[in-house]
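K.L.:
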Amino acid sequence: MRLPASNVPQRTHLGPMLFTALLLSGTWNGAFAATTDDVAPEARKKPASTADLKEERSASSSAQSTQQKHASQEDETPGSIEQLLVQGHRRNASTDGTGTYTVSAVSTTKMLLKPLDVPQSISVLSSQQMKDQNLNTVDAALKQVAGVNVNMYGDGTGGYTARGFTLQAQYDGVPSMSGLTLSQQYDLAIYDRIEVLRGPDGMLQGSSTPGGSVNFVHKRPTDDFQGNASFSAGSWNNYHATLDVGGPLAHSKIVSARLVVAGTDRNQFYNNAYDRRWTIYGVTDVHLTRHDTLTVSVTSQSNDTTRYMGLPRASNGADLNLPTSTLVGANWGKSEVPMTEVEAQLEHLFSHGWRGRLNYRHRTAATTLQYAYLNAYNASAKTGNFVAANTRYDETNDGLDAYVTGPLHLFGQKHVLMMGANYDRYLYEGGGASANSRTYTALAGIPINANNAIPSLALPTITNRYWEPSTQWGVYGQAQIKPVSRFSILIGGRVSGYVSKTRRISPTVGATSTDIDQQGILTPYIGGVLHLWPNVTAYVSYVSTFSPQSAFDTTGRLAPVRGNQLEGGIKGEFFHGHLGMTLSGYKIIQKNEAIYNGTIGAICGPGGVDDCYVATGKTRSQGAEAELIGRPLEGWDINASYTYNDNRIVNNGSATQSGLTYAGNSPKHLWKLWTHYRFEPYRGAQKNVWSIGGGFNAQTSTFGTNRTVTQGGYIIGSIQAGYQWNKYLSLSATLNNIANKRYYQRLGNLYYYNYYGEPRNFMFTLRSNF
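Taking mature numbering (1 follows the signal peptide of the UniProt record, and there is no 0), I'd label the letters of the sequence shown as residues -33 to -1, 1 to 737.
1. Taking Leu702 and Phe198 to be in contact with their CB atoms under 8 Å, please state how far apart those CB atoms are, rounded to whole angstroms.
2. When the distance is taken between beta carbons, is Gly123 closer than 8 Å to Asp242?
3. Given Ala526, which residues of its chain have a CB within under 8 Å of its CB, disregarding the five upstream and five downstream residues?
4. State the DSSP-derived secondary structure class of Ile157, mapped to helix, strand or coil.
5. Buried or exposed: where does Ala409 fall if 16 or more other Cβ atoms within 10 Å of its Cβ makes it buried?
6. Under 8 Å, do Gly626 and Tyr611 count as touching if we go by C-beta distance?
7. Check whether the region 319 to 326 and the region 266 to 280 are in contact - that is, three or more C-beta pairs closer than 8 Å.
8. Consult DSSP for Glu41 and reduce its assignment to one of helix, strand or coil.
9. Have a look at Thr291 and Lys449 and give me their C-alpha separation to the nearest angstrom.
10. Tell me the DSSP secondary structure of Gly523 in three-state form.
11. Is Phe519 closer than 8 Å to Tyr580 when the C-beta atoms are compared?
12. Helix, strand or coil for Met385, going by three-state DSSP, please let me know.
13. In angstroms with no decimal places, state the Cα-to-Cα distance between Ser150 and Arg645.
14. For my contact list, His643 and Asp63 are in at a C-beta cut-off of 8 Å; report their separation, rounded to the angstrom.
15. Going by the CB atoms, is the gap between Tyr506 and Lys538 shorter than 8 Å?
16. Under 8 Å, do Ile161 and Phe132 count as touching if we go by C-beta distance?
17. Just to confirm the assignment: which complete alpha helix (DSSP H) runs, minimum length 4, are found wholly within the region 637 to 674?
18. How big is the Cα-Cα spacing for Asn270 and Thr307?
19. Report the residue from Lys77, Asp84 and Ser93 whose alpha carbon sits nearest the alpha carbon of Ser61.
20. Find the nearest neighbour of Thr104 within the set Ala229, Ser267 and Asn664, judged by alpha-carbon distance.
21. Whole angstroms are fine: how far does the CA of Leu499 sit from the CA of Leu(-12)?
22. Determine contact between the region 477 to 487 and the region 441 to 461, defined as no fewer than three beta-carbon pairs at a distance below 8 Å.
23. Rounded to whole angstroms, what's the CA-CA distance from Gln445 to Gln135? Just pull it up for me.
24. How many whole angstroms separate the CB atoms of Ser180 and Leu155, which I take to be in contact at a CB cut-off of 8 Å?
25. Excluding five sequence neighbours on each side, which residues of the same chain lie with their C-beta closer than 6 Å to the C-beta of Gly114?
26. Exposed or buried, Glu601, counting other C-beta atoms within 10 Å across all chains shown (16 or more means buried)?
27. Is Ile682 buried or exposed, if buried means 16 or more other CB atoms sit within 10 Å of its CB?
28. Write down the C-beta distance between Pro436 and Leu394 rounded to the nearest angstrom, noting that I regard them as a contact closer than 8 Å.
29. Look up Gly320 in the DSSP assignment and say whether it is helix, strand or coil.
30. Does Phe353 pass the burial test, meaning 16 or more other C-beta atoms within 10 Å, or should it be called exposed?
31. Could you check if Gln268 is buried or exposed, using at least 16 other CB atoms within 10 Å of its CB as the buried criterion?
32. Flag this pair as touching only if the region 335 to 344 and the region 372 to 382 have three or more C-beta atom pairs under 8 Å; answer yes or no.
33. Among residues of its own chain, excluding the 5 on either side of Tyr390, which ones have a beta-carbon nearer than 6 Å to its beta-carbon?
34. Could you give the DSSP three-state label for Gly680: helix, strand or coil?
35. Could you give the distance in angstroms between the alpha-carbon of Ala15 and the alpha-carbon of Asp191?
36. From what residue to what residue does the beta strand (DSSP E) around Lys468 run?
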């Protein structure tokens, strides 16, 4: 049999670990004081009573507002995290309720570093920008992030790339091999922020591609009671509603909780299609002792959408110029995915500023897909051939991550150490079948008659069975070393193991299996950050990643694919940290990719019956990025970015393709802008306030999996107006795709996976705080 030349499926990913915050509320300011050297040992050991916790909260509440105002200001010692460690409770790491687009700390290295001190490109989408733009889905959110390309499928799932490679996923710092690509995602109402790291993350995530990672950080209970609700109504009967309430459950504030409910009910802009989703999220914080906090959350979401495979193209790849309302497929197509997530987190504060965290995540999803898609047509005869497909599979993902981190004082400088381990297991089991239908005259002419839905194609019985468990583990460590006060080195590494066992049964081939077992894989990380000024840094980093392969050569299984990136740039923070800037350049080389060896027979692998490959494939991606995000003036927020990416095939076994672009849906030039301004009658006004906003996404030409399927560049603009009656009630109206541009947001092949972007549409959103 011939093994696929591709690597392990790109859904199998890990990502860099999130450090949400050091402390959970103002209560823990006293706990940090109890970890300094000048506190008596007996004071550290004393258990926290209800009275102790109440007293500490009272003592810290007066300083709380001051901390929030100055959380994003530069530390007096450039590159130092001392101030963040002292004030590093969850409030300062969170964007919930801050009203800004910037953050004072990021958790890429689990050490709560300022963005200035991370020697890689990282962007954060805050809860405020999500509200301003009425972003409710992961795809809508990532379309606003610098350097990220979003390619949606017809059931709410999508593919997400950066720098020409697939992005990985993590949730509150826990790796997830179920990943982003082709996976249903939760409503954004449950998240505090989204952190996107561009470039390899191999040190903390292990097996991955060099694109980067997306970390979804959940909302947490608040110190005081808060509540808000929203209702949106827009084009194509598009409705979305949320309810978010939470706070302490008693005056002592030892136990606090939060509940978020969200729902979507909408028709698509194309015929006979819908999207319905219902989400509920509950989280509880329990302060067990002065130094221990337990957080438990449960999320459940039902996804009920139309499964749609997209539009065809002409035989030469040309656009058929079909109406945007066209659906080529079955009106009975569906995608049903109920999913549940449980997370438990235990955090402990040691003495001398050290802390530890243990985090466990369990996710299940059950997917049912039934649909029909076009696989051939004859334009002159005006006939087409459809395929009916029936698929059912279950996914289970268990992730565990544990680490400790803290400062170390040597040679007159403060350094930071971090070490940990994680484990991730992903099980995919299910089955499917597809069968060609009779030639069906659904193509009544060109353009295709979208009203002629395909009736009652008999769905094939599920005959193929799959059982695919994958397990990954790793131990990692990193240090921030300061030879001098204005220069720091981040150095670290990871040792990984990966095991995958695939079992497949089909009536035609019978039982087949593929096993991968690779251990002791080393992934290094090194970077340097120089403070040119207190608020401007220059950085350089070399990072790497790996991805196991299933193919064989004549000596055994191929070595893992390796991806290495060299990146350098400049970062700045201005206006007391309210405006961030990043300029970066990078070069990625991915090598050891499998190429089919057609010069010899199927003599490789166990038993000498598999086709042979050679690990000589190589790709290159290089480019530059610029990002400006934050608040340059009071009331004015902006998120602007430009991305240049040139990705090429160096060697894939075909002399005719050497030097060609390999990531067709990744444009060479990509511009994104969103800006929002509040016309406040006076500073800090909360009533009778008008606001305006707007932006655009623009890109150059792209092509699909078939290189003849192309489209030129385009620009899509939006505009918004809003009014806030008082601090409790506001209304906004948004117009998207102002020019009603007809464009493809994703390109595929000649028969399917070509999807239009949304035509001109509007959305009204009413928000209430209580």
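C-beta atoms are modelled at their ideal positions from N, C-alpha and C, and glycine is treated no differently. Bear in mind that the values here come from a model prediction, so they are computed numbers and not experimental data.
P.N.:
Quick answer:
1. With a Cβ gap of about 18 Å, Leu702 and Phe198 do not count as contacting.
2. Yes, these two residues count as a Cβ contact at 8 Å.
3. Excluding residues within five positions, the ones whose Cβ falls inside 8 Å are Gln516, Asn559 and Ala582.
4. DSSP places Ile157 in helix when its eight states are reduced to three.
5. At Ala409 the pLDDT is 44, less than 50, meaning the model places this residue with poor confidence and gives no usable figure here.
6. Going by C-beta atoms, Gly626 is not nearer than 8 Å to Tyr611.
7. Proximity of the region 319 to 326 to the region 266 to 280 falls short of the contact definition, fewer than three beta-carbon pairs being nearer than 8 Å.
8. Reliability fails at Glu41, whose pLDDT of 34 lies under 50, so the model's placement of it is uncertain and the value that follows must be treated cautiously. Coil.
9. Using only the alpha carbons, I get a separation of about 57 Å.
10. Per DSSP, reduced to three states, the secondary structure at Gly523 is strand.
11. Yes; because the gap between Cβ atoms is below 8 Å, this pair is in contact.
12. Looking at Met385 - three-state DSSP - the assignment turns out to be strand.
13. Those two C-alpha atoms are separated by around 37 Å.
14. The C-beta distance from His643 to Asp63 rounds to 18 Å, too long to meet the 8 Å contact threshold.
15. A distance below 8 Å separates the beta carbons of Lys538 and Tyr506.
16. Ile161 places its beta carbon 8 Å or farther from that of Phe132.
17. Given a length threshold of 4 residues, the region 637 to 674 has no whole run of the alpha helix (DSSP H) inside it.
18. Distance between the alpha carbons of Asn270 and Thr307 is about 11 Å.
19. Residue Ser93 is the option with its Cα nearest to Ser61.
20. A check of alpha carbon separations from Thr104 across Ala229, Ser267 and Asn664 identifies Ala229 as the nearest.
21. Low local confidence applies: a pLDDT of 29 at Leu(-12) is under 50, so the model's placement there is unreliable, with the coordinate-based value given in what follows. Distance between the alpha carbons of Leu(-12) and Leu499 is about 28 Å.
22. Put simply, the region 477 to 487 does not touch the region 441 to 461. Fewer than three CB pairs are less than 8 Å apart.
23. Each residue's Cα considered, the two are about 21 Å apart.
24. Rounded, the Cβ-Cβ distance is 18 Å, inconsistent with contact.
25. So the list reads Ala129, Arg165, Glu592 and Thr610, once near-sequence residues are dropped.
26. Under this definition Glu601 is an exposed residue.
27. Ile682 comes out exposed.
28. About 5 Å separates the Cβ atoms of Pro436 and Leu394, confirming a contact at the 8 Å cut-off.
29. Secondary structure of Gly320 (DSSP, three-state): helix.
30. By the beta-carbon neighbour count (other beta carbons within 10 angstroms, threshold 16), Phe353 is buried.
31. Gln268 comes out buried.
32. The answer is no - the region 372 to 382 does not touch the region 335 to 344, with fewer than three Cβ pairs under 8 Å.
33. Cβ within range, chain order: Leu367 and Trp440.
34. If DSSP states are grouped into helix, strand and coil, Gly680 belongs with coil.
35. Unreliable placement is indicated for Ala15, whose pLDDT of 38 sits below 50; the coordinate value is still reported in the next sentence. CA-to-CA, the gap between Ala15 and Asp191 works out to about 20 Å.
36. Note, Lys468: beta strand (DSSP E), Phe454 to Ser473.
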